[in-house]
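A short write-up of the structure that comes next.
In the working numbering, the protein residues as written are 9 to 96.
Structure (structure tokens):
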């Protein structure tokens with residue numbers, strides 16, 4: 009195995025990591041939005057209690073913001089694949 013093949017294999021592993029992060033972020037965001045939607049539809053979240061609404065809002069903002077940050081970062085790195093491969 010020559011140097012170029014080793015470099016390509018390391019590059020494949022590097023970008024595979026970002027692909028896994030992107031797909032995991034999408035799964036987490038979809039599952040969380042589905043869970044919140046079902047909780048609202050079935051009435052499990054009491055909108056009359058201000059404390060419950062604040063807790064749900066804070067947790068939702070945290071989960072969605074972290075998910076979107078990881079998703080954006082992964083897509084940024086995945087867009088770099090053609091440029092890096094051309095450099096090999």
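We treat Cβ as the ideally placed atom computed from N, Cα and C, and that holds for glycine.
Limits of the alpha helix (DSSP H) - the one that residue i falls within
i          : result
residue 55 : Careful: residue 55 lies outside any alpha helix (DSSP H) and carries neither H nor E.
Through-space distance from residue j to residue i, alpha-carbon basis
i          : j          : result
residue 75 : residue 37 : 6 angstroms
residue 73 : residue 33 : 11 angstroms
residue 98 : residue 57 : What the structure shows of the chain is the stretch from 9 to 96, and residue 98 is not part of that stretch, so it cannot be assessed.
residue 60 : residue 77 : 26 angstroms
residue 20 : residue 30 : 15 angstroms
residue 81 : residue 11 : 29 angstroms
residue 8  : residue 14 : With the chain represented from 9 up to 96, any question about residue 8 goes unanswered, as that position is not in the structure.
residue 89 : residue 28 : 15 angstroms
Within 8 angstroms, strictly: CB atoms of residue i and residue j
i          : j          : result
residue 49 : residue 64 : no
residue 79 : residue 23 : no
residue 71 : residue 40 : yes
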